[in-house]
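Visitor: Structure provided below as structure tokens; questions to follow.
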Amino acid sequence: MTATLQLFADIDRLPTLPSSVARLSALARDERSSARDYQEVITHDPALTTNLLRLANSAFFGRPRQVTSVRQAVTFLGTKRVVEVALAAAFSGVLPEALPGYGIQAATFWRHCVAVAVLSERIADDRALSKDCDGFTCGLLHDIGKLVTSAYLARQTGEIMESIWGQRQVFIVAEHQILGADHAEIGAAVAEKWNLPEAVCAVVRWHHSPSRRGERGAEDGEADLVDVVHVADCLAHAFGFGTDIGELSREIDSGAVGRIGAPVRRLEHIVGEAAAEIEDLSAVFVDIRGGS
Amino acid sequence: MGQAANVARQQLANLVVGVADLQVSDDPGRVIVTYALGSCIALCLYDPERRVGGMIHYMLPMSSVSPEKADANPAMFADTGVPLLFQRMFDYGCGRDSLVVKVVGGGALNGDSDMFQIGKRNHTVLRKLLWKNRIMISAEDVGGSKSRTVRLFVADGRVVVSSHGQEEDL
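Chains as they are written, first to last, in my numbering: chain H, 2 to 293; chain D, 11 to 180.
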């Protein structure tokens, strides 16, 4: 089996998200579901309940008082937010201790994921993208492919470093050359295996090259979540939220920036507003995982 | 670095400057450190006579994009944070003319020649601010697609910049 095929085969060895997350997503799609249905699914999963309450009490979700029960969480946050928080709680639970191929510990990876989640949500709101768009979840999960590619890159750190710093390749191009596939392609396969919504699969697949999808390419047209997460990812890296060995060796897609149409001062405003929330959600992970 | 120096260095305690944060210290046992500067900038000030060091890690050039944030946390912006860092140094008795000024960061993503340019503007605003106040920069390591970690040794004012797994004195 070639190394590239092995990479795809390894997707099956990744831990899956708890079944309660899939059940919550199903409830979210079912118009007849009630708050009580959500409570039942969550309370049957003790680990999810604990982590959900920790996240629900972080300043990011801005509750005026302590949320102590699942019922309160569902009432205060609303069912859409509860599904997002549950997914974040479940995701934090399946992360390995470290991603050696990217030279980072799990806490740093989480910091990057929550930074992109918070920034994506704020950019999507600011640009008045449809309310149905879940910028938070798409941003949170955009790099799931790295959970698979990390182990392979770890064996070839020297080649990666030579490619990005010696030959000035952007990181994802170097990754593709060395592995035969990159974390966006592998991530899309992971997203399918986890039965994530189509919008998340598209974001994971195209977050490094939003203008290369289908008929995309021009700077006109409406921005979508792929564009939003791409810009959020660039901003998160530029501001050092979860820096890995690729450092700033990444490209900004001018098409995506054009479609989003936010002046840089507006993006700066968004980053400034989001910074404290990012720190706050980063710290929750340390609580959940005991500082790993 | 010799073995003795290594041992001495291990005994030093880190004083971490977070993102949008500043710290000042006159404790020679401290190393003021900030991690993963991308387009953000670390301004390092050191008074060799009084052995006082200070560092700010600011994110954005101008507080006008978010005045409420600047009220809550002036260290987020160059125009509100840099004067505050100087003020903190003056509070320790440092004189303006005795300060050694070093600047690190202001990087950009590879393809960012004409899009965000936040790092470049972070640097420009700082230079203008210092120039207006007739303060000279003695050394800087800015720009490029690097992520930098900076350490300022309070005992002697040495500034060490790490990037790509290598470190250099500035």
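Ideal placement from N, C-alpha and C gives every residue a C-beta, glycine not left out.
Being a predicted model, the structure only gives us computed values, none of them experimental.
Kindly indicate the opening and closing residues of the alpha helix (DSSP H) around Val-75 of chain H.
Guide: For this step, residue 75 of chain H is matched to residue 74 along the first sequence. 71–95 is the extent of the alpha helix (DSSP H) around Val-75 of chain H.
Visitor: Out of H:Val-22, H:Arg-30, H:Lys-147 and H:Ala-57, which has the shortest C-alpha to C-alpha gap to Glu-41 of chain H?
Guide: Against the first sequence, residue 41 of chain H aligns to sequence position 40. That would be H:Val-22, whose Cα lies nearest to the Cα of Glu-41 of chain H.
Visitor: For Lys-138 of chain D, report the span of its alpha helix (DSSP H) as first-last.
Guide: Translated into positions along the second sequence, residue 138 of chain D becomes position 128. Note, Lys-138 of chain D: alpha helix (DSSP H), 128–142.
Visitor: Considering Cα atoms alone, identify which of D:Met-125, D:Phe-163, D:Trp-141 and D:Val-113 is closest to Asp-254 of chain H.
Guide: Within the first sequence, numbered from 1, the residue matching residue 254 of chain H stands at position 253. Nearest of D:Met-125, D:Phe-163, D:Trp-141 and D:Val-113 to Asp-254 of chain H, Cα basis: D:Met-125.
Visitor: Looking at chain H, is there any beta carbon in it that lies within less than 7 Å of the beta carbon of Ala-30 of chain D?
Guide: In the second sequence, counting from the first residue as 1, residue 30 of chain D sits at position 20. Chain H, which has a Cβ nearer than 7 Å to the Cβ of Ala-30 of chain D, makes this yes.
Visitor: Cα separation between Asp-37 of chain D and Ala-165 of chain D?
Guide: If you number the second sequence from 1, residue 37 of chain D lands on position 27. If you number the second sequence from 1, residue 165 of chain D lands on position 155. Each residue's Cα considered, the two are about 7 Å apart.
Visitor: Assuming Leu-120 of chain H and Leu-236 of chain H make a contact with CB atoms under 8 Å, what is their CB distance in whole Å?
Guide: On the first sequence, position 119 is the one that residue 120 of chain H refers to. On the first sequence, position 235 is the one that residue 236 of chain H refers to. Sure, about 6 Å apart at Cβ, within 8 Å.
Visitor: Taking Cβ positions only, does Phe-62 of chain H come closer than 7 Å to chain D?
Guide: Taking the first residue of the first sequence as position 1, residue 62 of chain H is located at position 61. For Phe-62 of chain H, the answer is no, since every Cβ of chain D falls outside 7 Å of its Cβ.
Visitor: Is the beta carbon of Gly-136 of chain H less than 7 Å from the beta carbon of Ala-125 of chain H?
Guide: The count along the first sequence starts at 1 and reaches residue 136 of chain H at position 135. The count along the first sequence starts at 1 and reaches residue 125 of chain H at position 124. For Gly-136 of chain H and Ala-125 of chain H, yes; Cβs fall inside 7 Å.
Visitor: Are there 16 or more other CB atoms within 10 angstroms of the CB of Val-27 of chain D, so buried, or fewer, so exposed?
Guide: Counting from one through the second sequence, the residue named residue 27 of chain D turns up at place 17. Buried: at least 16 other Cβ atoms inside 10 Å.
Visitor: Which complete alpha helix (DSSP H) runs does the region 55–107 of chain D hold, if anything under 4 residues is left out?
Guide: DSSP runs (the alpha helix (DSSP H)) wholly in the region 55–107 of chain D: 77–82 and 88–101.
Visitor: At 7 Å on the CB atoms, spell out the chain H contacts of Ser-76 of chain D, in chain order.
Guide: Within the second sequence, the letter at position 66 stands for residue 76 of chain D. Within 7 Å Cβ-Cβ: His-270, Gly-273 and Glu-274.
Visitor: Sort D:Gln-176, D:Arg-168, D:Gln-127 and D:Glu-178 by Cα distance to Leu-55 of chain D and report the nearest one.
Guide: Against the second sequence, residue 55 of chain D aligns to sequence position 45. Considering only alpha carbons, the answer is D:Arg-168.
Visitor: Given this structure, state the Cα-to-Cα distance separating Glu-269 of chain H from Asn-132 of chain D, to the nearest angstrom.
Guide: Sequence index remark: in the first sequence, residue 269 of chain H carries index 268 (1-based). Sequence index remark: in the second sequence, residue 132 of chain D carries index 122 (1-based). Going from the Cα of Glu-269 of chain H to the Cα of Asn-132 of chain D covers about 11 Å.
Visitor: Would you please verify whether the beta carbon of Leu-253 of chain H is less than 7 Å from any beta carbon of chain D?
Guide: By one-based count along the first sequence, residue 253 of chain H stands at place 252. Strictly speaking, residue 253 of chain H in this sequence is Ile, with Leu absent from that position. With 7 Å as the cut-off, Ile-253 of chain H counts as an interface residue toward chain D.
Visitor: Flag Trp-166 of chain H as yes if its beta-carbon sits less than 7 Å from any beta-carbon of chain D, otherwise no.
Guide: Here the question's residue 166 of chain H lines up with position 165 in the first sequence. Yes - at least one Cβ of chain D is within 7 Å of the one on Trp-166 of chain H.
Visitor: Checking contacts by CB at 7 Å: is Ser-250 of chain H closer than that to chain D?
Guide: Counting from one through the first sequence, the residue named residue 250 of chain H turns up at place 249. It does; some Cβ of chain D falls within 7 Å.
Visitor: According to DSSP, is Ile-145 of chain D helix, strand or coil?
Guide: Indexing the second sequence from 1 puts residue 145 of chain D at position 135. Residue state, collapsed to three classes: coil.
Visitor: Just grab the DSSP bridge partners of Asp-151 of chain D for me.
Guide: Walking along the second sequence from the start, residue 151 of chain D turns up at place 141. The partner list for Asp-151 of chain D (beta bridge, DSSP) reads D:Val-114.
Visitor: Give the residues of chain H in contact with Leu-70 of chain D, contact being defined as C-beta atoms less than 8 Å apart.
Guide: For the purposes of this step, residue 70 of chain D is identified with residue 60 of the second sequence, where counting begins at 1. Result: Glu-269, Val-272 and Gly-273.
Visitor: So Ala-233 of chain H and Val-117 of chain H are supposed to be a Cβ contact under 8 Å. How far apart are they, rounded?
Guide: Indexing the first sequence from 1 puts residue 233 of chain H at position 232. Indexing the first sequence from 1 puts residue 117 of chain H at position 116. The pair is a contact, with the Cβ atoms about 5 Å apart (cut-off 8 Å).
Visitor: Among H:Asp-228, H:His-113 and H:Leu-28, which residue has its Cα nearest to the Cα of Glu-85 of chain H?
Guide: Sequence index remark: in the first sequence, residue 85 of chain H carries index 84 (1-based). Measuring from the Cα of Glu-85 of chain H, the nearest candidate turns out to be H:Leu-28.
Visitor: What residues in the region 223–246 of chain H have a beta carbon less than 7 Å from any beta carbon of chain D?
Guide: Answer in chain order: Cys-235, His-238, Ala-239, Phe-240, Gly-241 and Thr-244.
Visitor: With C-beta atoms as the reference, is His-143 of chain H less than 7 Å away from Val-230 of chain H?
Guide: For this step, residue 143 of chain H is matched to residue 142 along the first sequence. For this step, residue 230 of chain H is matched to residue 229 along the first sequence. Yes, they are a contact pair.
Visitor: Could you check where the beta strand (DSSP E) with Arg-30 of chain H kicks off and where it finishes?
Guide: Walking along the first sequence from the start, residue 30 of chain H turns up at place 29. First-last for Arg-30 of chain H: 20–30, but that is the alpha helix (DSSP H), not the beta strand (DSSP E).
Visitor: Taking Val-171 of chain H as the query, report the chain D residues whose CB atoms sit under 7 Å from its CB, ordered along the chain.
Guide: Against the first sequence, residue 171 of chain H aligns to sequence position 170. Within chain D, the residues near Val-171 of chain H are Asn-120.
Visitor: Since Val-285 of chain H meets chain D, which of its residues come closer than 8 Å, beta carbon to beta carbon?
Guide: The count along the first sequence starts at 1 and reaches residue 285 of chain H at position 284. Under the 8 Å cutoff, chain D gives no residues; its nearest Cβ is about 16 Å from Val-285 of chain H.
Visitor: Give the DSSP-derived three-state secondary structure of Leu-54 of chain H in the structure shown.
Guide: In the first sequence, the residue the question calls residue 54 of chain H occupies position 53. Reduced to three states, the DSSP call for Leu-54 of chain H is helix.
Visitor: Under 6 Å: does the beta carbon of Gly-63 of chain D sit that close to some heavy atom of the ligand ADP?
Guide: Here there are no bound small molecules, and the ligand ADP is not part of this structure.
Visitor: With 8 Å as the limit, tell me which residues of the region 34–67 of chain D have their beta carbon closer than that to any beta carbon of chain H; keep them in chain order.
Guide: Correct list: Tyr-45, Ala-46, Leu-47, Gly-48, Ser-49 and Cys-50.
Visitor: Considering Tyr-45 of chain D, what are the terminal residues of the alpha helix (DSSP H) in which it resides?
Guide: Numbered from 1 along the second sequence, position 35 holds the residue referred to as residue 45 of chain D. Element bounds for Tyr-45 of chain D: not the alpha helix (DSSP H) but the beta strand (DSSP E), 40–47.
Visitor: Exposed or buried, what is Asp-183 of chain H when buried is set at 16 or more other beta-carbons lying within 10 Å of its beta-carbon?
Guide: Along the first sequence, one-based indexing puts residue 183 of chain H at 182. Classification of Asp-183 of chain H: buried, given that the 10 Å Cβ count is 16 or more.
Visitor: Between Val-265 of chain H and chain B, is the shortest Cβ-Cβ distance under 7 Å, so that the two count as touching?
Guide: Of the chains in the structure shown, none is chain B; the protein chains are H and D.
Visitor: Out of H:Tyr-153, H:Glu-122 and H:Ala-155, state which residue places its alpha-carbon closest to the alpha-carbon of Thr-138 of chain H.
Guide: In the first sequence, counting from the first residue as 1, residue 138 of chain H sits at position 137. Ranking the options by Cα distance to Thr-138 of chain H, first place goes to H:Glu-122.
Visitor: Could you tell me whether any Cβ in chain D is nearer than 7 Å to the Cβ of Val-1 of chain H?
Guide: Any property of residue 1 of chain H remains undetermined from this structure, which presents chain H solely from 2 to 293.
Visitor: For Ile-12 of chain H, tell me which candidate among H:Ala-185, H:Ser-26 and H:Ala-36 has the shortest Cα-Cα distance.
Guide: For the purposes of this step, residue 12 of chain H is identified with residue 11 of the first sequence, where counting begins at 1. It is H:Ala-185.
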